[in-house]
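Below is one structure, written out as structure tokens; comments come after it.
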Amino acid sequence: MNAPDLARLFIVILLAAVAITTAAMMVFPASTMGPTPFGVGLVALAGLAILFLALLEARKRVDALDLRSGELARVKLELETTVRALQQRHRELQVNEARYRGLVEQQGDVILRKMPDGRLTFANDAFCQTFGVVRERALGRQFTPELHPDEKINHPPALTGGAEGRVRYDQRLKTSQSWRWFAWEDYAIRNDVGHVTEIQSVARDITEQKELESALREARDKAEDANRAKSMFLATMSHEIRTPMNGVIGMAGLLLDTQMTAEQRSYANAVRESGEALLDIINDILDFSKIESGAMPMEETAFSPRTLIESVAELLGHRCFEKGIDIATYAHPRLAGQMLADEGRVRQVLLNLAGNAVKFTDVGGVRITATPDTDARFIRFEVADSGIGISEDALPKIFQEFTQADSSFARRYGGTGLGLAITQRLVNALGGAVGASSQIGKGSRFWFTLPMKRAPGVEAPDTALTGAKVLVLTAFPGLAESLVRQLCEAGADAFAAKGTAAAETALASGSFNVLLMDSRAGSAPATELLVRLKARLQGVKTIVLLPVSERAALPALKSAGFNGYLIKPIRRTSLIQRVAAVLNGEDTGAADPALGDDHAPALSTEGVSMRILVAEDNRINVMLATALLGKMGHRVDTVANGRECVEALATAPYDLVLMDVHMPEMDGLEATQRIRAQEKAGRRRGRLPIVALTASTLEDDRQICIDAGMDDFLAKPLNLDALRAVLKRFSPAAASVAKTA
Numbered sequence: 070m071n072a073p074d075l076a077r078l079f080i081v082i083l084l085a086a087v088a089i090t091t092a093a094m095m096v097f098p099a100s101t102m103g104p105t106p107f108g109v110g111l112v113a114l115a116g117l118a119i120l121f122l123a124l125l126e127a128r129k130r131v132d133a134l135d136l137r138s139g140e141l142a143r144v145k146l147e148l149e150t151t152v153r154a155l156q157q158r159h160r161e162l163q164v165n166e167a168r169y170r171g172l173v174e175q176q177g178d179v180i181l182r183k184m185p186d187g188r189l190t191f192a193n194d195a196f197c198q199t200f201g202v203v204r205e206r207a208l209g210r211q212f213t214p215e216l217h218p219d220e221k222i223n224h225p226p227a228l229t230g231g232a233e234g235r236v237r238y239d240q241r242l243k244t245s246q247s248w249r250w251f252a253w254e255d256y257a258i259r260n261d262v263g264h265v266t267e268i269q270s271v272a273r274d275i276t277e278q279k280e281l282e283s284a285l286r287e288a289r290d291k292a293e294d295a296n297r298a299k300s301m302f303l304a305t306m307s308h309e310i311r312t313p314m315n316g317v318i319g320m321a322g323l324l325l326d327t328q329m330t331a332e333q334r335s336y337a338n339a340v341r342e343s344g345e346a347l348l349d350i351i352n353d354i355l356d357f358s359k360i361e362s363g364a365m366p367m368e369e370t371a372f373s374p375r376t377l378i379e380s381v382a383e384l385l386g387h388r389c390f391e392k393g394i395d396i397a398t399y400a401h402p403r404l405a406g407q408m409l410a411d412e413g414r415v416r417q418v419l420l421n422l423a424g425n426a427v428k429f430t431d432v433g434g435v436r437i438t439a440t441p442d443t444d445a446r447f448i449r450f451e452v453a454d455s456g457i458g459i460s461e462d463a464l465p466k467i468f469q470e471f472t473q474a475d476s477s478f479a480r481r482y483g484g485t486g487l488g489l490a491i492t493q494r495l496v497n498a499l500g501g502a503v504g505a506s507s508q509i510g511k512g513s514r515f516w517f518t519l520p521m522k523r524a525p526g527v528e529a530p531d532t533a534l535t536g537a538k539v540l541v542l543t544a545f546p547g548l549a550e551s552l553v554r555q556l557c558e559a560g561a562d563a564f565a566a567k568g569t570a571a572a573e574t575a576l577a578s579g580s581f582n583v584l585l586m587d588s589r590a591g592s593a594p595a596t597e598l599l600v601r602l603k604a605r606l607q608g609v610k611t612i613v614l615l616p617v618s619e620r621a622a623l624p625a626l627k628s629a630g631f632n633g634y635l636i637k638p639i640r641r642t643s644l645i646q647r648v649a650a651v652l653n654g655e656d657t658g659a660a661d662p663a664l665g666d667d668h669a670p671a672l673s674t675e676g677v678s679m680r681i682l683v684a685e686d687n688r689i690n691v692m693l694a695t696a697l698l699g700k701m702g703h704r705v706d707t708v709a710n711g712r713e714c715v716e717a718l719a720t721a722p723y724d725l726v727l728m729d730v731h732m733p734e735m736d737g738l739e740a741t742q743r744i745r746a747q748e749k750a751g752r753r754r755g756r757l758p759i760v761a762l763t764a765s766t767l768e769d770d771r772q773i774c775i776d777a778g779m780d781d782f783l784a785k786p787l788n789l790d791a792l793r794a795v796l797k798r799f800s801p802a803a804a805s806v807a808k809t810a
């Protein structure tokens with residue numbers, strides 16, 4: 070207990086004593102108890118106590134005032150500190166505002182701030198200069214620039230209440246100088262409760278960008294127009310060139326079917342081959358144009374890689390054997406089944422590569438192979454030749470359009486330089502890759518890979534030649550390798566002899582029971598070579614390999630002792646069947662199973678004679694169609710335009726119409742539509758087959774013909790096989806089978 074508290078306790082006791090004394094005096098009257106010194110002292114003490122209490126209270130109040138004064142001093146100090154901090158912050162804000170204003174004023178972009186009702190609260194110098202206004206007059210007023218009449222946006226989009234609260238839009242506005250494009254960005258400035266207090270707008274002049282975009286659009290439109298014009302020009306040129314080429318090639322073919330001297334036949338062959346070469350060039354240009362414009366459709370079908378490469382070899386076989394070179398094929402056993410891809414485009418790529426190989430090879434031959442990669446995800450097609458080769462410098466450029474490895478090649482071998490460019494683009498479109506390697510004077514290898522999609526079905530392994538021991542003797546190593554691998558895969562033991570001397574040694578060992586001998590294996594004719602080897606051929610069956618052009622020598626070869634023959638290029642199936650046949654002692658004098666009788670009537674259509682109406686305005690093409698169809702045994706009538714076609718059908722019954730698309734007075738499309746309308750109205754019985762004849766090869770044109778009501782499409786020059794297939798499809802016999810099915 071401190072001193073003030075003790076003093077207060079003493080005073081309380083003293084006051085209590087005074088109170089007791091006073092009470093006693095009141096109880097005992099003055100008569101009995103008079104004033105005493107003790108009582109007077111107590112009263113005095115009480116007065117002193119009261120005075121002391123008053124002094125204590127005064128001291129307390131003084132202490133409280135001192136405490137309040139200290140608190141006020143502390144608060145004053147804090148307020149002074151706060152004021153100084155606020156003054157410093159104010160100065161910093163002034164500096165920052167000046168810096169911000171300087172940045173804003175130096176900006177080339179227009180910067181505004183405005184109230185939600187559109188009244189401006191801030192505008193930078195760029196705004197004033199761009200729109201030619203005085204800042205002081207603009208502030209506090211709404212800004213409504215003049216919008217270009219062509220613009221549809223009269224007012225900017227309203228700001229939404231989203232998280233960003235931003236809108237962007239373009240406007241073409243009238244400035245102090247001209248019409249200019251501006252890209253605006255508005256964003257909302259909100260208070261603590263989310264209400265929009267101001268809107269800040271920033272606009273950038275994008276006139277040059279808009280002009281560039283407009284120029285690019287115009288350039289694109291011009292390029293598209295030019296591309297359409299080019300496509301139209303190519304289509305027109307194709308039609309104009311193909312129409313006479315149809316006559317040239319077709320008439321040359323008809324001429325070759327007649328009796329001629331050797332010299333005349335040579336001239337007729339030259340005419341047909343020149344026409345076909347020109348047609349190849351036209352096709353290259355058209356294909357490149359289609360690929361370039363993205364109009365080359367891809368269609369996935371199931372096909373056999375082995376059959377495909379063998380058919381390509383057969384197509385090129387005649388050219389190879391005329392040059393004295395060989396062509397061979399090989400497909401890996403894992404490709405015995407079918408794969409899924411665009412067979413037509415794969416065939417086109419192979420024909421391009423193999424055709425080039427044949428063109429640039431004068432000695433040896435060409436080999437086409439198909440093999441899967443190690444995990445069977447891709448299939449690799451390869452064309453190898455023993456031709457002139459390509460220099461290392463020229464190799465990287467060969468897939469560029471209108472490029473050849475050497476300019477002298479174009480003069481010597483011809484061509485457009487588009488074949489490999491088309492090949493590369495087709496392979497890329499098929500999802501694959503293409504490449505090449507080469508050595509001058511030793512030959513080239515061109516390859517391409519495609520994703521390997523297998524079609525359903527598995528082909529069983531072929532073991533038909535188990536126990537056969539075959540010796541192969543050919544001049545072209547590529548052919549020997551293909552034959553040996555195919556024979557071994559079929560169960561035989563096969564070996565390739567390098568030259569006639571090696572063959573004699575091998576035969577002397579007695580290890581072989583079959584000899585496959587190329588008619589061009591040595592410098593001497595095959596019959597002489599066989600006579601030379603006869604002493605070593607005890608118990609050995611002999612099969613001669615020869616091109617179709619040497620088929621006339623078969624009787625002499627058989628007389629010389631050959632047991633069978635194979636026509637080159639050799640299909641694997643034919644090879645296996647022929648070797649098995651000679652081992653079993655079967656008659657092998659029949660035609661080669663792969664080739665058939667090359668002198669069979671090419672124009673046969675199963676002996677069914679049809680009455681055909683040909684609508685064609687070109688006199689030469691009329692002559693050609695009449696001659697071809699007449700040789701097939703059909704009765705042919707001709708008209709020169711669509712109107713005459715419709716009239717002719719009203720007077721006589723026909724089994725088929727071959728309709729040219731482009732004709733005077735009424736074209737083939739309109740004529741077809743009229744015929745279909747008559748059928749629909751019941752004025753004609755049944756549906757008459759109508760096949761388009763056109764020089765166009767564009768898929769769009771094909772579809773136009775089908776949409777007009779035509780049933781099929783034949784491109785000029787007329788392909789005999791395609792014509793025969795169409796006639797067979799629409800023959801009365803085929804129609805009756807379809808009805809009964």
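Residue numbers (the numbering used here): 70 to 810. We put the beta carbon where it would ideally sit given N, CA and C, even for glycine.
Query	Result
If you drop the 5 nearest sequence neighbours on each side, which residues of the same chain put their C-beta closer than 7 Å to that of Gln-240?	Leu-216, Glu-220, Ile-222, Phe-251 and Trp-253
Below 8 Å on the Cβ atoms is my guess for Val-726 versus Leu-693; work out the distance and round it to an integer in Å.	Incorrect: roughly 17 Å between the Cβ atoms, too far for contact.
With a cut-off of 8 Å, do at least 3 Cβ pairs link the stretch 416-433 to the stretch 560-570?	no
When the distance is taken between beta carbons, is Gly-316 closer than 9 Å to Asn-687?	yes
Please tell me whether Pro-616 and Cys-389 are closer than 9 Å, where the distance is taken between their beta carbons.	yes
Assuming contact is defined by CB atoms lying nearer than 9 Å, are Ser-513 and Phe-450 in contact in what I supplied?	no
Are there 16 or more other CB atoms within 10 angstroms of the CB of Pro-786, so buried, or fewer, so exposed?	buried
Take the Cβ of Thr-741 as the centre, count every other Cβ of all protein chains shown within 10 Å, and call the residue buried at 16 or more, exposed below.	buried
Just to confirm, is the Cβ distance from Leu-548 to Ala-572 under 9 Å?	no
Would you kindly check if the distance between the Cβ of Ala-397 and the Cβ of Pro-638 is under 9 Å?	yes
Would you tell me roughly how many angstroms separate the C-alpha atoms of Glu-597 and Val-651, rounded to the nearest one?	21 Å
For Pro-801, is the classification buried or exposed, using 16 other Cβ atoms within 10 angstroms of its Cβ as the cut-off for buried?	exposed
Could you work out which residue in Gln-269, Leu-242, Gln-246 and Gly-504 is closest to Asp-255 when comparing CA atoms only?	Gln-269
Taking only three categories from DSSP, how would you classify Gln-163?	helix
Report buried or exposed for Thr-535, applying the criterion of at least 16 other Cβ atoms within 10 angstroms of its Cβ.	exposed
By the 10 Å Cβ neighbour count, where 16 or more other Cβ atoms means buried, how is Ala-133 classified, buried or exposed?	exposed
Could you check whether Gly-608 and Asn-632 sit closer than 9 Å to each other, using their CB atoms as the reference points?	no
For Met-728, which three-state DSSP category applies?	strand
Contact between the stretch 492-508 and the stretch 539-546 is defined here as three or more beta-carbon pairs at a separation below 8 Å; is this criterion met?	no
May I have the straight-line CA-CA distance separating Ile-180 from Ala-295, to the nearest angstrom?	44 Å
By Cβ distance below 7 Å, which residues in the same chain neighbour Cys-557 in space, the five residues on each side in sequence not counted?	Ala-563
Assuming Pro-624 is part of the alpha helix (DSSP H), what are its boundary residues?	623-629
With a floor of 3 residues, list each beta strand (DSSP E) that falls wholly inside the stretch 739-795, ordered by position along the chain.	759-763 and 781-784
Which partner residues does Arg-237 have in the DSSP bridge list?	Glu-254
Quick one, which of Glu-716, Val-730, Ser-643 and Leu-599 has its alpha-carbon nearest Glu-685's?	Val-730
Taking the DSSP output, what are the residues bridged to Asp-587?	Leu-614
Start and end of the beta strand (DSSP E) containing Val-691?	Element bounds for Val-691: not the beta strand (DSSP E) but the alpha helix (DSSP H), 688-700.
Report the rounded CA-to-CA distance for Ala-257 versus Phe-447, giving the unit in angstroms.	59 Å
Just the Cα atoms here: how many angstroms apart are Asp-442 and Arg-403?	10 Å
Whose C-alpha, out of Pro-465, Ile-467, Leu-789 and Ile-275, is nearest the C-alpha of Asp-178?	Ile-275
Given 8 Å as the limit, tell me if Cys-714 has its C-beta closer than that to any heavy atom belonging to the ligand COA.	No copy of the ligand COA appears in this structure; indeed no ligand is present at all.
Using beta-carbon positions only, say whether Ala-761 and Cys-774 come within less than 9 Å of one another.	yes
Label Gln-333 either buried or exposed according to how many other C-beta atoms from any shown protein chain fall within 10 Å of its C-beta, with 16 as the threshold for buried.	exposed
Can you give the Cα-Cα distance for Ala-292 and Glu-277, rounded to whole angstroms?	22 Å
Hey, quick one: how far does the beta strand (DSSP E) through Arg-188 stretch, first residue to last?	No beta strand (DSSP E) contains Arg-188, which DSSP labels as neither H nor E.
Are the CB atoms of Val-432 and Ala-423 within a distance shorter than 9 Å?	no
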